[in-house]
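Novice:
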Amino acid sequence: MFNRTFLKVGILGIALFMVIGGIGFFNSMDFKKSINDFFGFDVKVYTWCPNHTVDFQWKNEAIPEKWKKASPSEIQAKFCQVSMEPIRNVDLAKLTFKPLLKAQSATAQTALLEWNSEAHVFRAQGLPFYSSSLSRELVDK
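For the sequence shown, this note's numbering gives the first residue as 37, with consecutive numbering after it.
#1: Determine the direct distance from the alpha carbon of residue 111 to that of residue 86, and round the result to whole angstroms.
#2: Let me know the alpha helix (DSSP H) ranges lying completely inside the stretch 61 to 103, each 4 residues or longer, listed in chain order.
#3: According to the Cβ coordinates, are residue 173 and residue 114 closer than 8 Å?
#4: Exposed or buried, which one is residue 159 when buried takes at least 16 other CB atoms within 10 Å?
#5: Could you pull out every unbroken alpha helix (DSSP H) segment of at least 4 residues lying fully inside the stretch 124 to 173, listed in chain order?
#6: Would you give the residue range spanned by the alpha helix (DSSP H) that residue 109 belongs to?
#7: Among 134, 152 and 84, whose alpha-carbon lies nearest the alpha-carbon of residue 123?
#8: What distance in whole Å lies between the Cβ atoms of residue 130 and residue 150, which are believed to be in contact at a cut-off of 8 Å?
#9: Using C-beta distances below 7 Å, list every residue in its chain close to residue 67, excluding the 5 sequence neighbours before and after it, in chain order.
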């Protein structure tokens, strides 16, 4: 009977240790980052085009032919509202951005979308961001 008590207390102690260790693991930043990457919780939608955009001008020739021939409504549907994701493993200070797309509204307001084609990082109105959906559209030819 005395041995069974020690065995039960030992098993409960090990179980308690495992629960505390599991709580620590599930609260760690590495685990949270992995879960966010897997499920896409860090994705936010950003609208960079001015209101009532009527015209687009491509400022970079290295884009797929389908977007050069696309109508303004198709371009607006794909490029004005973009999914923003966190930028990881890129030094923003070393990146140079080139103009990609200029949007103009009916009231002559303009906005410029810039990009770095090597790092697949975009910038609009001074805000740098990563967008896997835009990268797929511009890189996959």
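Each residue gets a CB set at the ideal place from its N, CA and C atoms; glycine is no exception. In this text, all values refer to a predicted model and were calculated from it rather than measured experimentally.
Specialist: Checking against the coordinates, here is how it stands:
#1: Against the sequence shown, residue 86 aligns to sequence position 50. Against the sequence shown, residue 111 aligns to sequence position 75. C-alpha separation (whole angstroms): 14 Å.
#2: 65 to 75
#3: Within the sequence shown, the letter at position 137 stands for residue 173. Within the sequence shown, the letter at position 78 stands for residue 114. Yes. Within cutoff.
#4: As a position in the sequence shown, residue 159 is number 123, starting the count at 1. When all chains shown are included, residue 159 counts as buried.
#5: Counting only runs of 4 or more, we get nothing.
#6: The sequence position of residue 109 within the sequence shown is 73, counting from 1. Boundaries of the alpha helix (DSSP H) around residue 109: 108 to 115.
#7: As a first step, residue 123 must be located in the sequence shown, where it is residue number 87. Nearest option by C-alpha distance: 152.
#8: Translated into the one-based positions of the sequence shown, residue 150 becomes position 114. Translated into the one-based positions of the sequence shown, residue 130 becomes position 94. The Cβ separation is near 15 Å, so there is no contact.
#9: Translated into the one-based positions of the sequence shown, residue 67 becomes position 31. Cβ neighbours of residue 67 beyond the five flanking positions: 61.
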